[in-house]
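> Can you keep this structure in mind? I'll have questions shortly.
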Amino acid sequence: MPLSQDRLLVEADAEAVAERVVDRLIEALSAAGRRPLGLATGRTMEPVYAALRRRLEAFEPVVRGRLLAGWSSFNLDDYIGLAADHPASFHAAMDRNLGEPLGLSPAQLRLPDGGAPDPEAEARRYARALAAAGGLGLQLLGLGENGHVGFNEPPCGPGVITRCLRLSAATRRQNAAAFGGDPQRVPERAITVGLSEILAARSLVLVVTGASKAPILRRVLEGPPQEALPASWLLGHPDLSVIADRAALGLEG
Ligand code: GLP
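Under this note's numbering, the sequence shown is numbered contiguously, ending at residue 258.
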């Protein structure tokens, strides 16, 4: 099930990718009868959120106020054992990127609470809150170097639900930069929205930038969907867009 060419958008660089993703976010925030946004963290999303802040800043105050008043989002994941205010938590990253600059309340910008005393109960609570909000509208996704989306680590089928899980050594290495470069300091477990809820979103936008992602992106796009590559299940979604820069597609600058 290869991705049709009109669903693969190729941009020159990460900045241009960010602008294209922001077009989609603004469209989703403006849509009537919208469902919550599904948001991601990670280095790929930093320029996206910077571009979103700039774009919103340029709107008339009344229009910006209306878009922000209607904001509702659920993030994909966070580490178990880190309080929301731990600087390396995804909570803190979202507060820095969007919550504080845009004035969004915690009820608008939701994440699973990795600091909750009972993580299993927190995963169930988060899944219920997401279902009660009507499920996801546009879901933004980054790509792990081992093919994970959210923290759905391989091997993983398309039916897995929101849950606690153990992170792979590869993912702890990939995310070590936020922990002083030491993979051992990266928490061992996380809460993630499941592939089941992700695949039930109205539309999916997979954002991939940089040459380090070229090998895994090539494998994902080649298909077929398989448990060894969780992101490959996205290919079966009727409204998937992949927005990538030339480097992530292995193309010369
Ligand atoms: C992380 C997160 C994902 C993120 C992905 C890519 O581990 N769990 O939500 O999208 O891996 O991260 P990055 O953008 O830093 O490469």
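Beta carbons are placed, not taken as given, at the ideal position from N, Cα and C, and that holds for glycine.
(1) Of the choices Gly215, Leu87, Ala23, Ser35, whose alpha-carbon is the least far from that of Arg69?
(2) Pick helix, strand or coil for Thr176, following the three-state DSSP scheme.
(3) Roughly how many whole angstroms lie between the Cα atoms of Arg133 and Leu256?
(4) Excluding the 5 residues preceding and the 5 following His242 in the sequence, name in chain order all residues of the same chain whose CB lies nearer than 7 angstroms to its CB.
(5) Starting from Arg29, trace the beta strand (DSSP E) both ways and give me its first and last residue.
(6) Please state whether DSSP places Arg171 in a helix, a strand or coil.
(7) Please say whether Glu202 and Thr176 have beta carbons closer to each other than 7 angstroms?
(8) What distance in whole Å lies between the Cβ atoms of Ala45 and Pro159, which are believed to be in contact at a cut-off of 8 angstroms?
(9) Kindly give me the distance between the Cβ atoms of Ala97 and Asp90, rounded to whole angstroms, as I take these residues to be in contact under 8 angstroms.
(10) Note the first and the last residue of the continuous alpha helix (DSSP H) segment covering Ala98.
(11) For the stretch 212-226 against the stretch 117-137, do three or more pairs of beta-carbon atoms, one drawn from each stretch, fall closer than 8 angstroms, so that the two count as touching?
(12) Around the C-beta of Pro124, are 16 or more other C-beta atoms found within 10 angstroms, so that it is buried, or is it exposed?
(13) Does the count of Cβ pairs from the stretch 25-43 and the stretch 77-88 closer than 8 angstroms reach three?
(14) Throw me the rounded Cβ distance for the Gly140 and Ala206 pair, which I believe falls under 8 angstroms.
(15) Does the distance from the CB of Ala121 to the CB of Glu127 come in under 7 angstroms?
(16) Among Pro66, Val67, Ala23, Glu65, whose alpha-carbon lies nearest the alpha-carbon of Leu57?
(17) Are Pro188 and Trp238 touching if we call contact CB-CB under 7 angstroms?
(18) Excluding the five sequence neighbours on either side, which residues of its own chain have a C-beta within less than 7 angstroms of the C-beta of Cys161, listed in chain order?
Once the coordinates are examined:
(1) Ser35
(2) helix
(3) 42 angstroms
(4) Leu204, Leu209
(5) No beta strand (DSSP E) holds Arg29; the alpha helix (DSSP H) holding it covers 19-35.
(6) strand
(7) no
(8) Actually they are not in contact, since the Cβ atoms of Pro159 and Ala45 sit about 18 angstroms apart, beyond 8 angstroms.
(9) 6 angstroms
(10) 95-99
(11) no
(12) buried
(13) yes
(14) 7 angstroms
(15) yes
(16) Ala23
(17) no
(18) Leu200, Glu232, Pro235
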